[in-house]
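Enquirer: Line order of the protein sequences matches chains A and B.
Oh and the first sequence: position 6 is 6 in the numbering used here, straight run, nothing missing.
Offset between the second sequence (1-based) and the numbering used here: plus 1000.
2 protein chains.
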Amino acid sequence: MAAKPKLAIVAGGGELPRLLIAACRAEARPFFVVALSGHADPDLVTAETPHMWARLGAGGAILKRLREEATGEVVLAGRVKRPSLLSLMPDAWTARFLLSLGRRALGDNALLSAIGAAIEREGGRLVGPETVLPDLLAPEGAIGRIAPGEADWVDIERGLVVARALGAVDVGQAVVVQQGIVLGVEAVEGTDALLRRCKELRRDGPGGVLVKTAKPGQERRIDLPTIGVRTVEMAAAAGLAGIAVEAGGALIVGSAAVADAADRAGLFAVGVARPPAAAGRP
Amino acid sequence: MAAKPKLAIVAGGGELPRLLIAACRAEARPFFVVALSGHADPDLVTAETPHMWARLGAGGAILKRLREEATGEVVLAGRVKRPSLLSLMPDAWTARFLLSLGRRALGDNALLSAIGAAIEREGGRLVGPETVLPDLLAPEGAIGRIAPGEADWVDIERGLVVARALGAVDVGQAVVVQQGIVLGVEAVEGTDALLRRCKELRRDGPGGVLVKTAKPGQERRIDLPTIGVRTVEMAAAAGLAGIAVEAGGALIVGSAAVADAADRAGLFAVGVARPPAAAGRP
């Protein structure tokens, strides 16, 4: 088997970049980390980690360095808060890139697809993080020991319909549903903030499910919806009964730990193949 | 001209029920108020106001009283926080009504349409509040002296696309967009909470618009999206540049006061005819 090419890890926040670095180290795969300042964890890299820190707006400097490092594959991983054009302070390359996008930059899908294309032109083949960590992709069926009940499935189906409708206009990837009532819908605030809010919005009585799906037609190598132990803990704190993600269309960061956390908190976590036809409104 | 029939005002929270009572008094039109406890302002009715207080779950008692009062028309007005089935404590009539809905009760549209049909069978003709207060319906064009700029129109168009997609799956009526970024999407939390949240989510730089539209196919006599002076003040506090509503598909409670408040705060408020064809994704 040929050695794997050098991997560029463009790193935002959260645990995923750390897992990717660990995976490269474990198999002695060469790698280079682009830690995005203001997004990546300050402890992500040490003096021993081949890395650079870079602003999100420094697209030109990042791609120049990736060419120098001769990275053959590039993975984008971790949370990045989408900045305004003003706070981005684009370098010359990034400014040209944004100008070339024009109005298409309005939605995340178009932006991410364009970023992917630019990377492939200049920095190496773009790959999804699941090519490095195969067990990242959500499987179908229960993750952990608890399964959704009948009323939970009604909420899951409703959540899938709403999440897909949102995804079709390139907004959010998460919704919270309880007893058929959509308690909250995610936009730029992120899933953590959505769950904090839904704790207050929850109705009396049982149930409540967080549903996360990929957007139809999204650049699936970048920005698949992600859950981890923290998501389970926050869903429990919000009083929810469980979490549903799209099987093969969401990442589970640390699936054994997620299963343990769900069992401990008494929540279900489940991978769902696709929304049932009956719920197939837009 | 024939005298107008006696009007039943089923009242939730906010200013609108008060305006309807004042309008009936001004034209000496007979009326009867059903004040929904926990929703309507406690000061809405006094001993001189023909009224009853009723729980939302007391559908049977409400309709019985409307028959006794011989109300010819019924208007539903004001904010009602959607309860869980558990907290609703339905009376026998309401329980039968909910059972007859079954799974259709999941979305607001189906629920509201069914409520409308039940009222028409038993309590009088259902009418929209704009039949009592004709200047409630949002007109096309600027409300107040400030007009949206070019970048605002881009955000308005994006907001209309997202709001309609949400409406198509029977969720929310409001979104906030800035520089093409959807900052927030309304579910059950209501527009006030959405605006409070978006104050924190706002990006550096100019702009930001609250967009409210009716849901496609919604029961338009009930629950049209509504703005008032408070909406303008909260949008200003959130740092937004303005508010856009669907002309003929949203209510402006106190349009002269709303125009004044917008001028004072330096915001635009505008009625928009329909989303442009170019933005007509789902």
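C-beta atoms are modelled at their ideal positions from N, C-alpha and C, and glycine is treated no differently.
Starting from A/Ile9, trace the beta strand (DSSP E) in both directions and tell me its first and last residue.
Expert: Here the question's residue 9 of chain A lines up with position 9 in the first sequence. Note, A/Ile9: beta strand (DSSP E), Leu7 to Ala11.
Enquirer: Of all Cβ atoms in chain A, is any one closer than 8 Å to the Cβ of B/Leu1183?
Expert: The residue given as residue 1183 of chain B occupies position 183 in the second sequence. Taking Cβ atoms only, chain A reaches closer than 8 Å to B/Leu1183, which makes this a yes.
Enquirer: Is the segment 20 to 29 of chain A touching the segment 56 to 72 of chain A, taking contact as three or more C-beta pairs under 8 Å?
Expert: The segment 20 to 29 of chain A vs the segment 56 to 72 of chain A: no contact.
Enquirer: What number of angstroms, rounded off, separates the C-alpha of A/Ala237 from the C-alpha of A/Gly266?
Expert: For the purposes of this step, residue 237 of chain A is taken as the residue at position 237 of the first sequence. For the purposes of this step, residue 266 of chain A is taken as the residue at position 266 of the first sequence. Those two C-alpha atoms are separated by around 11 Å.
Enquirer: Can you tell me whether DSSP reads A/Lys215 as helix, strand or coil?
Expert: Within the first sequence, the letter at position 215 stands for residue 215 of chain A. The answer is coil: DSSP assigns A/Lys215 none of H, G, I, E or B.
Enquirer: Identify the continuous beta strand (DSSP E) that holds A/Ala283 and give its terminal residues.
Expert: No answer is possible for residue 283 of chain A: the residues shown for chain A start at 1 and end at 282.
Enquirer: Of all Cβ atoms in chain B, is any one closer than 8 Å to the Cβ of A/Gly172?
Expert: Sequence index remark: in the first sequence, residue 172 of chain A carries index 172 (1-based). At least one chain B Cβ lies under 8 Å of A/Gly172.
Enquirer: Which residues bound the beta strand (DSSP E) around A/Ile181?
Expert: Residue 181 of chain A sits at position 181 when you count from the first residue of the first sequence. Its beta strand (DSSP E) spans residues Ile181 to Val185.
Enquirer: At 7 Å on the CB atoms, spell out the chain A contacts of B/Ser1037, in chain order.
Expert: Against the second sequence, residue 1037 of chain B aligns to sequence position 37. The contacting residues do not exist; B/Ser1037 stays about 16 Å from chain A at best.
Enquirer: Would B/Pro1134 be called buried (16 or more neighbouring beta carbons within 10 Å of its own) or exposed?
Expert: For this step, residue 1134 of chain B is matched to residue 134 along the second sequence. Exposed, by the Cβ-count rule.
Enquirer: Comparing alpha-carbon positions, which option in A/Ala114, A/Thr49 and A/Ala269 lies nearest A/Val209?
Expert: Position 209 of the first sequence, counted from the first residue, corresponds to residue 209 of chain A. The shortest C-alpha separation from A/Val209 is found at A/Ala269.
Enquirer: To which residues does DSSP link B/Ala1141 through a beta bridge?
Expert: For this step, residue 1141 of chain B is matched to residue 141 along the second sequence. The sequence as given places Gly at residue 1141 of chain B; Ala does not occur at that position. Partner(s): B/Gly1271.
Enquirer: Along the chain, where does the alpha helix (DSSP H) that runs through A/Val154 open and close?
Expert: Taking the first residue of the first sequence as position 1, residue 154 of chain A is located at position 154. Taken as a continuous stretch (DSSP letters only), the alpha helix (DSSP H) holding A/Val154 covers Glu150 to Ala168.
Enquirer: Hey, would you say B/Leu1201 sits closer than 8 Å to B/Leu1183, going by beta carbons?
Expert: Numbered from 1 along the second sequence, position 201 holds the residue referred to as residue 1201 of chain B. Numbered from 1 along the second sequence, position 183 holds the residue referred to as residue 1183 of chain B. For B/Leu1201 and B/Leu1183, yes; Cβs fall inside 8 Å.
Enquirer: Excluding sequence positions up to five away, which residues of its chain have a Cβ less than 7 Å from the Cβ of A/Pro139?
Expert: Here residue 139 of chain A refers to the residue found at position 139 of the first sequence. Only Ala247 and Gly271 meet the Cβ criterion.
Enquirer: Using a beta-carbon distance below 8 Å, is A/Glu48 in contact with chain B?
Expert: Stepping through the first sequence from its first residue, residue 48 of chain A is reached at position 48. No, because no Cβ of chain B sits closer than 8 Å to the Cβ of A/Glu48.
Enquirer: On the premise that A/Leu251 lies in contact with A/Thr226, defined as a C-beta separation below 8 Å, what is that separation, rounded to the nearest angstrom?
Expert: On the first sequence, position 226 is the one that residue 226 of chain A refers to. On the first sequence, position 251 is the one that residue 251 of chain A refers to. Going by Cβ atoms, the distance from A/Thr226 to A/Leu251 rounds to 4 Å, so yes, they are a contact pair.
Enquirer: Report the neighbours of B/Arg1055 on chain A: residues whose CB is nearer than 7 Å to its CB, in chain order.
Expert: Numbered from 1 along the second sequence, position 55 holds the residue referred to as residue 1055 of chain B. Within 7 Å Cβ-Cβ: nothing; B/Arg1055 doesn't reach chain A, min ~14 Å.
Enquirer: Measure the CB-CB distance between A/Ile143 and A/Ala47 and report whether it falls below 8 Å.
Expert: Stepping through the first sequence from its first residue, residue 143 of chain A is reached at position 143. Stepping through the first sequence from its first residue, residue 47 of chain A is reached at position 47. No, Cβ-Cβ distance for A/Ile143 and A/Ala47 is not below 8 Å.
Enquirer: What is the DSSP secondary structure of B/Val1209, counted as helix, strand or coil?
Expert: Position 209 of the second sequence, counted from the first residue, corresponds to residue 1209 of chain B. Looking at B/Val1209 - three-state DSSP - the assignment turns out to be strand.
Enquirer: For B/Leu1099, count neighbouring Cβ atoms within 10 angstroms of its own Cβ and tell me buried if that reaches 16, exposed if not.
Expert: What you label residue 1099 of chain B is simply residue 99 of the second sequence in a count that begins at 1. Counting Cβ neighbours within 10 Å, B/Leu1099 comes out exposed, since fewer than 16 surround it.
Enquirer: List the DSSP bridge partners of A/Thr226.
Expert: Within the first sequence, numbered from 1, the residue matching residue 226 of chain A stands at position 226. Its beta-bridge partners are A/Leu251.
Enquirer: Which residue from B/Ala1235, B/Leu1195, B/Gln1179 and B/Val1169 puts its Cα closest to that of B/Gly1217?
Expert: One-based indexing of the second sequence puts residue 1217 of chain B at position 217. For B/Gly1217, the closest of B/Ala1235, B/Leu1195, B/Gln1179 and B/Val1169 by C-alpha to C-alpha distance is B/Val1169.
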